[in-house]
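Q: Counting in the working numbering, the sequence shown runs from 1 upward without gaps.
Glycine residues also receive a C-beta, built at the ideal position from the N, C-alpha and C atoms.
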Amino acid sequence: LPNLLSPQKYYPPDFDPAKIPKLKLPKDRQYVVRLMAPFNMRVWWVWETTKTQQGGFLAGSALARVMELGDVWLWGWLWAAWSSIPTLSVFPAVPPQTDPENTDYTMEHGATRNFQAEKLLEEEEKRMQKEREEEELNNPMKVLENRTKDSKLEMEVLENLQELKELNQRQANVDFEAMLKQYKELEEEQRRREQE
């Protein structure tokens, strides 16, 4: 065993690395990797239950995957991760695919994503922004009201920022050595009074 672990190997003088046969790999090669589940999902077909939840997988569950190139998307490739889930008695593929447009993953088939609070909040914000823009297009007074609200909010933020800056400046100008010296002098005066 120590022979195998030694960092130096013996190469004979007639060794020619060009004579080593090269592996010929297919062009549509698949890479088997081990990744974590990118999101919580519920599998459509369930014969056995998992430990985490009935027929579902939590984000971060380790799944064996086969990565392969998918469609071309603007500046790169879409990677599809075909997950074979080890707890099922039959191993169908559950393919979450990269979604570069939204910097997220999408499910092709085989499972559905569980509830996503963040996504719902983002959609609600977009909807509110769209409603506000539509109101502003139809009503010029609403545009003026929204501008005044925005300017008031901006003024409040600037005032708070200015207060914080002043507070930081005051704290930065404090001379701690002088404070300690003054404190010691006060203590000495109190001792003298107590002794008298």
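Considering only DSSP beta bridges, list what Y105 is partnered with.
A: Y105 is bridged to T98.
Q: Straight-line CA distance for P100 to R147?
A: The straight-line gap from Cα to Cα measures roughly 34 Å.
Q: Measure how close the beta-carbons of P96 and P140 come, nearest whole angstrom, since I'm counting them as under 8 Å.
A: Contact doesn't hold; Cβ gap of about 47 Å is too wide.
Q: Measuring only the C-alpha atoms, how far is K152 from A178?
A: K152 and A178: Cα-Cα distance of roughly 42 Å.
Q: How long is the line joining the alpha carbons of R113 and E123, rounded to whole angstroms?
A: When rounded, the distance between both Cα atoms is 16 Å.
Q: Specify, as a first and last residue, the run of the beta strand (DSSP E) that A111 falls within.
A: Here the beta strand (DSSP E) through A111 covers A111 to R113.
Q: Taking just the CA atoms, how far does Q129 sit from F115?
A: C-alpha separation (whole angstroms): 23 Å.
Q: Under 8 Å by Cβ, that's how I've got A111 and M41 pegged, so tell me the actual separation to the nearest angstrom.
A: Correct: roughly 4 Å between the Cβ atoms.
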